[in-house]
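If you're matching positions, the sequence shown starts at 3 in our numbering and goes up one per residue. The beta carbon of each residue, even a glycine, is placed where N, CA and C say it ideally should be. All of these numbers come straight from a predicted model, not from anything done at the bench.
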Amino acid sequence: MIHKMSDVQSSNIGKNTNIWQFCVVLPNAKIGDNCNICSHCFIENDVVIGDNVTIKCGVQIWDGITIEDNVFIGPNVTFCNDKYPKSKQYPKEFLKTIIKKGASIGANATILPGVIIGE
Numbered sequence: 003m004i005h006k007m008s009d010v011q012s013s014n015i016g017k018n019t020n021i022w023q024f025c026v027v028l029p030n031a032k033i034g035d036n037c038n039i040c041s042h043c044f045i046e047n048d049v050v051i052g053d054n055v056t057i058k059c060g061v062q063i064w065d066g067i068t069i070e071d072n073v074f075i076g077p078n079v080t081f082c083n084d085k086y087p088k089s090k091q092y093p094k095e096f097l098k099t100i101i102k103k104g105a106s107i108g109a110n111a112t113i114l115p116g117v118i119i120g121e
């Protein structure tokens with residue numbers, strides 16, 4: 003189910019995945035089966051989300067982030083993909099962040115770029 007008040011530009015959305023109101027999913031994002039993307043989330047282009055993932059409200063997932071299967075991400079988790087961000091100056095490649103299968107991230111956590119969490 004894709005809520006009519008969301009803006010899902012990607013065709014790479016798995017079966018039985020729910021994307022709730024006021025979410026934006028950019029065209030190249032990949033989201034697996036049986037996921038629940040709660041309201042007010044933003045998912046950028048170079049993002050891969052596995053199967054059975056829950057992403058609670060208010061989470062932004064930026065380029066370079068991979069979330070494997072069976073992961074829980076609590077509300078308002080903040081992901082970073084650039085250690086030294088500068089206005090209008092983008093790196094050639096963003097640091098890769100991987101959330102391994104089965105990981106659970108609590109509410110309001112800040113995840114720094116280039117880390118691997120889980121397993």
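- In the three-state scheme derived from DSSP, where H, G and I count as helix and E and B as strand, Ser106 is classed as strand.
- Cβ-Cβ distances below 6 Å link Val26 to Asp9 and Phe44 in the same chain, with the five nearest sequence neighbours on each side left out; the list follows chain order.
- In this structure, His5 sits near Ile21, with a CB-CB distance shorter than 9 Å.
- Contact check for Val79 against Val55 fails: the beta carbons are separated by 9 Å or more.
- The three-state secondary structure of Val50, taken from DSSP, is strand.
- With contacts defined by Cβ atoms closer than 9 Å, Lys94 and Gly116 do not form a contacting pair.
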